[in-house]
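Peer 1:
Number of protein chains: 4
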Amino acid sequence: MELNGVEIEDTYAEAFPIKIARVLITGATERWALVAAKEATGFGTSVIHCPAEGGIEKIVGGDETPDGRPGVFIQICTFGFKGLEGQLMSRLGDCVLPAPTAHMYNGLPDAEKQFDTGNKLHFFGDGMETLEEIGGRKVYRIPMMEGDFITELNIGAVEGIAGGNFFILAENQMAALAAAESAVDAIAKVDGVITPFPGGIVASGSKTGANKYKFLNATSNEKFSPSIKDKVEGSNVPADVNGIYEIVINGLNEKVISEAMLAGIKAAVMIPGVKKISAGNFGGSLGPYKFHLHDIVK
Amino acid sequence: MELNGVEIEDTYAEAFPIKIARVLITGATERWALVAAKEATGFGTSVIHCPAEGGIEKIVGGDETPDGRPGVFIQICTFGFKGLEGQLMSRLGDCVLPAPTAHMYNGLPDAEKQFDTGNKLHFFGDGMETLEEIGGRKVYRIPMMEGDFITELNIGAVEGIAGGNFFILAENQMAALAAAESAVDAIAKVDGVITPFPGGIVASGSKTGANKYKFLNATSNEKFSPSIKDKVEGSNVPADVNGIYEIVINGLNEKVISEAMLAGIKAAVMIPGVKKISAGNFGGSLGPYKFHLHDIVK
Amino acid sequence: MELNGVEIEDTYAEAFPIKIARVLITGATERWALVAAKEATGFGTSVIHCPAEGGIEKIVGGDETPDGRPGVFIQICTFGFKGLEGQLMSRLGDCVLPAPTAHMYNGLPDAEKQFDTGNKLHFFGDGMETLEEIGGRKVYRIPMMEGDFITELNIGAVEGIAGGNFFILAENQMAALAAAESAVDAIAKVDGVITPFPGGIVASGSKTGANKYKFLNATSNEKFSPSIKDKVEGSNVPADVNGIYEIVINGLNEKVISEAMLAGIKAAVMIPGVKKISAGNFGGSLGPYKFHLHDIVK
Amino acid sequence: MELNGVEIEDTYAEAFPIKIARVLITGATERWALVAAKEATGFGTSVIHCPAEGGIEKIVGGDETPDGRPGVFIQICTFGFKGLEGQLMSRLGDCVLPAPTAHMYNGLPDAEKQFDTGNKLHFFGDGMETLEEIGGRKVYRIPMMEGDFITELNIGAVEGIAGGNFFILAENQMAALAAAESAVDAIAKVDGVITPFPGGIVASGSKTGANKYKFLNATSNEKFSPSIKDKVEGSNVPADVNGIYEIVINGLNEKVISEAMLAGIKAAVMIPGVKKISAGNFGGSLGPYKFHLHDIVK
């Protein structure tokens, strides 16, 4: 199968369940809402070494926020709800509460699972805080240095999906990178998803286990490493490929992951020098979700 | 004392020792080096709830990097060296190694304390990595998906200073915020320092302990809360002030903290509506470093 | 009338007919499409001294462009169609054709008035160019240094409206400026309009004619100048106002101008320190279009 | 000759005299100074169809500006001083005066040639303006809507150089583009120069005259067009090159042009996929300045 002359491999992305909390951060201006959102979702690429995965989902105008100010939806993801509660407390308490003009609202008010993170933050007010309603949401107004911090009492979470993905194989590194950037831009226009890696892009592919350093659970996947393709028996890197990036997508459900994969792949294949689109899986043994590229790109 | 017609209060900032590691991240372009740097220093405002404090120190051209590519110096800070080692491993391993085109070098090669973070990362290469020298630095070249990841073996660290600070008190929130933004821009031009909070700015001031919720170690400082200045006995908020921001500065030594405070204060007082510059301390009981505003602004 | 506690004056914006061409610039990535769009619309605030008014209308994904790449719609405006033809030739020929990865398409393919700007550019190909069809549009493919430049043959234009506007009066300059920035962000989400001034904002209000320098057609409107409000008899600057910005909006028709004014005003009144929203007119003697604030903010 | 394994062709850039005015725009913050600077230098790639060439030279802190605020140096260039005077009046009067918080100062106070642009703008004040001194510069303070606009009376200009250049030839378009971006970033760190094209980069190379359309003075240089290299006899495009960008540099004198070319070339050759650096000339028949690549890259 080809799209814009680029081969779409007959393979699938294997993905996993993850717990996702969704927060709406509003600001005096869009720019200040983004400042808080970036800080709160940083150090959040992969739960392998980061305490959570996180990213910016979308920017909205004042007509889509409880307080009429511009806002940014973020997602914070961990494998368990318990870890998620801790991460919400730390990331919202230490990165959104002190951020200039940032206020926070529940990004999943209808979810069954609700954390009382905002409620807990009210103790910071030391008795000067007040319970109010803004745009139909129950909030605390906490006096502090810049003025008042507003936080909705609850933050909702759902079981979503982590690790939706596809690979971009290109003639060289820069073609692969431009394609990855354009894919991430396109995915940013899809509701319900984030791309948690730096700039939305993964430069390093892992395999489970190791050939040499057996004490490691994951090491670089030498079969997808262009610089050693001639030394590695059974390399999966085609002769005309010298740069590969992976786009990893987390999202609220299978539908949005599929939409995001399609949007990203369609953008990537427009870049000259892109040779092939593939995807990462572990033979189906690990993740319950499978996203077949040929089903997505119809 | 006045500067550009703005009162400089006769007070001082009280600051603490902290351990600071300094990393030089290079990229194919300045923009990609920044992408890695932002991810690696996110969720890093304050060690109260963040696992480390972090920030971008400065951008440099290829003439100041071992590999001739543009780069970004970042600082990662924790109270102890043990915690710092873990944060370096997690933040560099999970936010720089997978970032597009990012390579990492020692930002303090002459420091006595050196962590072998880069050396440990070589195991990811699973035996395909090679030991080389680039620009006089010992590095590992690790084949991976995008091509090769380059990491210097060691990352140096020193005992530096956290919590250099000053307060900007203004007629209203937006004047205080514009002044804070301009201060942060000015501080970004000073070598050796970072401003770890979101956008470099703190919207929430704390006091130690609590009046009402005695189980808390720190709560909002009601005496610096403009919205309740008429309700709080002994409020420190002047009648003509309705917005306050704090700039918090970490840095390698006293000299750079002083320079940064001066640069920031000089920028802040240029903004119309700024009424007063103050600073935060705990009566001198906690931190060994004191930065007197009247010594800094001479 | 009040909105979020801010007075909406009972007045109207007076606007004028102008000719508007609309161009869709696509790029390898959104970022590169924006680079071309900004260059092509620069030096384009007001036809008083600029050769045209111009601005970015909106960013679109590859699903809304003929070539499947991300794109940016821009508008170029002059009083006459003849001047517009020259400006299209100069701005598209010298700012879009040489811009990295930029291609150009007709942003108003159904308009009655069509300029053959793209067709004229084909001569640059010196005979090596070819006539093709992309996404149903007739285009020239012109070989050049980066590869091929693609241009649709025609660029459409309509008679639209210039000078939709409102004023933001605030306690001080920084509150007015933050409100103006937020208003411009909100207007950017409305289709069919641009805000041609720098950052979308006007810092200087004019009156027709002059009190002292009679040889000038337009001079600073001293009655809207906060710094001299106490010296000017009949000043329109309220006692509590010390900073005023105007947002000027051009757009395809009355409907989109009204929508943009509403979106901008709703955003502006959310900023603390904003005191009043007004609008600029010349007593109705000049412009055929009147946008009453009380009709728009219902 | 090779640099980082990339061939540096034994050729030279041919450049021309041009008149350059230099303006220092200050703003409340760096961001707002940049907003004015970008508007004032837009529609300014080449005097072929643009009324002037323009660009941002460098950003400076408040310690390098007369008013203590952050600033941006811009250059505006035309072939004659008469045209330059008109462009300064239009671009500064219509793009800087109305830009939020922007003030303007002489960027070449010691130049022999001085235009009284700022002095002429004082008439906009309609008699309410005042003559003052700021940081040793004679300025007008003009009351207007946002507060006061400050303009120094004179703007200096010199005879400088236009058309310093080099070509980046790469394996494909995206490698060439990343190299061009990195080159422009590096050149931005050199004092005294601008890169007037969109993003600093030229996608289209011209030859003088035409093969087919003899009525044209300049057409696409088919010998540097990768997409038709197999059809064009005597093509200069190497077999392994499929994308070429040119960096064009204007600057105050030969020394800064040479420095900028060196900085840009050193950055460009670091990008994987770059094959060759060349330069553009007309056989030495037109421009009096010659910049030999082998002299610059020693």
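Protein chains in written order, with the working numbering: chain B, 13 to 310; chain S, 13 to 310; chain Z, 13 to 310; chain U, 13 to 310. We put the CB at the ideal spot given by N, CA and C, even for glycine.
On the CB-based measure, 16 or more other CB atoms within 10 Å of its CB, does residue 14/U come out buried or exposed?
Peer 2: Numbered from its first residue, the fourth sequence carries residue 14/U at position 2. Label assigned to residue 14/U: exposed.
Peer 1: Could you check whether the region 31-50 of chain Z touches the region 131-146 of chain Z, counting it as contact only if at least three pairs of C-beta atoms, one from each stretch, sit closer than 8 Å?
Peer 2: Because the criterion of three Cβ pairs below 8 Å is not met, the region 31-50 of chain Z and the region 131-146 of chain Z do not touch.
Peer 1: Pick helix, strand or coil for residue 155/U, following the three-state DSSP scheme.
Peer 2: Counting from one through the fourth sequence, the residue named residue 155/U turns up at place 143. Residue state, collapsed to three classes: strand.
Peer 1: May I ask you to list the residues that DSSP assigns as paired with residue 149/S?
Peer 2: The sequence position of residue 149/S within the second sequence is 137, counting from 1. 146/S.
Peer 1: At what residues does the beta strand (DSSP E) containing residue 35/U begin and finish?
Peer 2: On the fourth sequence, residue 35/U is found 23 positions in, with the first residue counted as 1. Here the beta strand (DSSP E) through residue 35/U covers 24-38.
Peer 1: Tell me the residue span of the alpha helix (DSSP H) that contains residue 191/B.
Peer 2: Here residue 191/B is taken as the residue at index 179 of the first sequence, counted from 1. Note, residue 191/B: alpha helix (DSSP H), 185-199.
Peer 1: For a contact meaning CB atoms closer than 8 Å, what does residue 231/S contact in chain B?
Peer 2: In the second sequence, counting from the first residue as 1, residue 231/S sits at position 219. Within chain B, the residues near residue 231/S are 135, 136, 137 and 138.
Peer 1: What in chain Z is Cβ-close to residue 47/U, meaning under 7 Å?
Peer 2: For this step, residue 47/U is matched to residue 35 along the fourth sequence. The answer, in chain order, is 210 and 211.
Peer 1: Taking only the alpha-carbon atoms, compute the straight-line gap between residue 221/Z and residue 229/Z and give it to the nearest angstrom.
Peer 2: In the third sequence, residue 221/Z corresponds to position 209, counting from 1. In the third sequence, residue 229/Z corresponds to position 217, counting from 1. The alpha-carbon atoms of residue 221/Z and residue 229/Z are separated by roughly 4 Å.
Peer 1: Would you kindly work out how many angstroms separate the C-alpha atoms of residue 35/S and residue 231/S, rounded to a whole number?
Peer 2: For the purposes of this step, residue 35/S is identified with residue 23 of the second sequence, where counting begins at 1. For the purposes of this step, residue 231/S is identified with residue 219 of the second sequence, where counting begins at 1. Looking at the two C-alpha atoms, the distance is approximately 34 Å.
Peer 1: Contact criterion: CB-CB distance below 8 Å. Does residue 307/S meet it with respect to chain U?
Peer 2: As a working note, residue 307/S is residue 295 in the second sequence. It does not; no Cβ of chain U falls within 8 Å.
Peer 1: By the 10 Å Cβ neighbour count, where 16 or more other Cβ atoms means buried, how is residue 251/Z classified, buried or exposed?
Peer 2: What you label residue 251/Z is simply residue 239 of the third sequence in a count that begins at 1. Residue 251/Z is exposed by the Cβ-count criterion.
Peer 1: With DSSP collapsed to three states, give me the class of residue 297/B.
Peer 2: Against the first sequence, residue 297/B aligns to sequence position 285. Reduced to three states, the DSSP call for residue 297/B is coil.
Peer 1: Over what stretch of residues does the beta strand (DSSP E) that includes residue 115/U continue unbroken?
Peer 2: Counting from 1 along the fourth sequence, the entry for residue 115/U is found at position 103. Residue 115/U -> beta strand (DSSP E) spans 115-118.
Peer 1: Tell me, please, whether the region 193-201 of chain S touches the region 275-283 of chain S by the rule of three or more beta-carbon pairs shorter than 8 Å.
Peer 2: Yes: the two stretches touch, three or more of their Cβ pairs being nearer than 8 Å.
Peer 1: Do the region 173-189 of chain Z and the region 19-31 of chain Z make contact, defined as three or more Cβ pairs closer than 8 Å?
Peer 2: The answer is yes - the region 19-31 of chain Z touches the region 173-189 of chain Z, with three or more Cβ pairs under 8 Å.
Peer 1: Taking just the CA atoms, how far does residue 21/S sit from residue 162/U?
Peer 2: For the purposes of this step, residue 162/U is taken as residue 150 along the fourth sequence, with counting starting at 1. For the purposes of this step, residue 21/S is taken as residue 9 along the second sequence, with counting starting at 1. Taking the straight line from one Cα to the other gives about 30 Å.
Peer 1: Does the contact criterion of 3 or more C-beta pairs under 8 Å hold for the region 238-258 of chain B versus the region 179-198 of chain B?
Peer 2: With a cut-off of 8 Å, the region 179-198 of chain B and the region 238-258 of chain B count as touching, because enough Cβ pairs lie within range.
Peer 1: Indicate whether at least one CB of chain U lies closer than 8 Å to the CB of residue 78/B.
Peer 2: The residue given as residue 78/B occupies position 66 in the first sequence. It does not: the Cβ of residue 78/B has no partner Cβ on chain U nearer than 8 Å.
Peer 1: Between the Cα of residue 113/U and the Cα atoms of 91/U, 83/U and 142/U, which residue gives the shortest distance?
Peer 2: Counting from one through the fourth sequence, the residue named residue 113/U turns up at place 101. Taking only the C-alpha atoms, the option nearest residue 113/U is 83/U.
Peer 1: Can you list, in chain order, the residues of the region 184-201 of chain U whose Cβ is nearer than 9 Å to any Cβ on chain B?
Peer 2: The residues in question are 184, 185, 186, 187, 188, 189, 190 and 191.
Peer 1: For residue 300/U, does the count of other Cβ atoms within 10 angstroms reach 16, so buried, or fall short, so exposed?
Peer 2: Reading the fourth sequence from its first residue, position 288 is the one you call residue 300/U. It is exposed - the Cβ of residue 300/U has fewer than 16 other Cβ atoms within 10 Å.
Peer 1: Would you tell me roughly how many angstroms separate the C-alpha atoms of residue 186/U and residue 284/B, rounded to the nearest one?
Peer 2: Taking the first residue of the fourth sequence as position 1, residue 186/U is located at position 174. Taking the first residue of the first sequence as position 1, residue 284/B is located at position 272. Their Cα atoms are separated by approximately 7 Å.
Peer 1: For my contact list, residue 293/Z and residue 89/Z are in at a C-beta cut-off of 8 Å; report their separation, rounded to the angstrom.
Peer 2: One-based indexing of the third sequence puts residue 293/Z at position 281. One-based indexing of the third sequence puts residue 89/Z at position 77. Rounded, the Cβ-Cβ distance is 20 Å, inconsistent with contact.
Peer 1: Buried or exposed: which applies to residue 127/B, given that a residue is buried once 16 or more other Cβ atoms fall within 10 Å of its Cβ?
Peer 2: To locate residue 127/B, count along the first sequence from 1; it is residue 115. The residue is buried, with at least 16 neighbouring Cβ atoms inside 10 Å.
Peer 1: Quick one: which residues of the region 31-57 of chain B get their C-beta closer than 8 Å to a C-beta of chain D? List them in chain order.
Peer 2: This model lacks chain D altogether; the protein chains it does include are B, S, Z and U.
Peer 1: Whole angstroms are fine: how far does the CA of residue 66/S sit from the CA of residue 216/B?
Peer 2: As a first step, residue 216/B is located in the first sequence; it is residue number 204 there, counting from the start. As a first step, residue 66/S is located in the second sequence; it is residue number 54 there, counting from the start. Computed Cα separation, rounded: 24 Å.
Peer 1: Taking 8 Å as the cut-off, does the region 143-161 of chain S touch the region 235-252 of chain B (at least 3 CB pairs, one atom from each stretch)?
Peer 2: Taking 8 Å as the limit for Cβ pairs, the verdict is that the region 143-161 of chain S does touch the region 235-252 of chain B.
Peer 1: Determine the burial state of residue 264/B: buried for a count of at least 16 other Cβ atoms within 10 Å of its Cβ, exposed for fewer.
Peer 2: For the purposes of this step, residue 264/B is taken as the residue at position 252 of the first sequence. It counts as buried.
Peer 1: Could you list the residues in the region 260-286 of chain U with a C-beta less than 8 Å from some C-beta on chain B, going in chain order?
Peer 2: If the cut-off is 8 Å between Cβ atoms, the region 260-286 of chain U has 283, 284 and 285 near chain B.
Peer 1: So which residues on chain S does residue 293/B lean against when the C-beta distance must stay under 8 Å?
Peer 2: For this step, residue 293/B is matched to residue 281 along the first sequence. Neighbours of residue 293/B on chain S: none; closest Cβ ~15 Å, over 8 Å.
Peer 1: Following the continuous beta strand (DSSP E) through residue 258/S, name the residue where it begins and the one where it ends.
Peer 2: Against the second sequence, residue 258/S aligns to sequence position 246. That run of the beta strand (DSSP E) goes 255-263.
Peer 1: The ligand FMN and residue 94/B: does any heavy atom of the ligand fall closer than 7 Å to the residue's C-beta?
Peer 2: Here there are no bound small molecules, and the ligand FMN is not part of this structure.
Peer 1: What's the call for residue 118/B, buried or exposed, on a 16-neighbour Cβ count within 10 Å?
Peer 2: Along the first sequence, read from residue 1 onward, the residue named residue 118/B stands at position 106. Its Cβ being crowded by 16 or more others within 10 Å, residue 118/B is buried.
Peer 1: What number of angstroms, rounded off, separates the C-alpha of residue 139/S from the C-alpha of residue 153/S?
Peer 2: Here the question's residue 139/S lines up with position 127 in the second sequence. Here the question's residue 153/S lines up with position 141 in the second sequence. Straight-line Cα distance between these residues: approximately 11 Å.
Peer 1: Between residue 143/S and residue 206/Z, what straight-line distance do the alpha-carbon atoms span, to the nearest angstrom?
Peer 2: Within the second sequence, the letter at position 131 stands for residue 143/S. Within the third sequence, the letter at position 194 stands for residue 206/Z. Those two C-alpha atoms are separated by around 55 Å.
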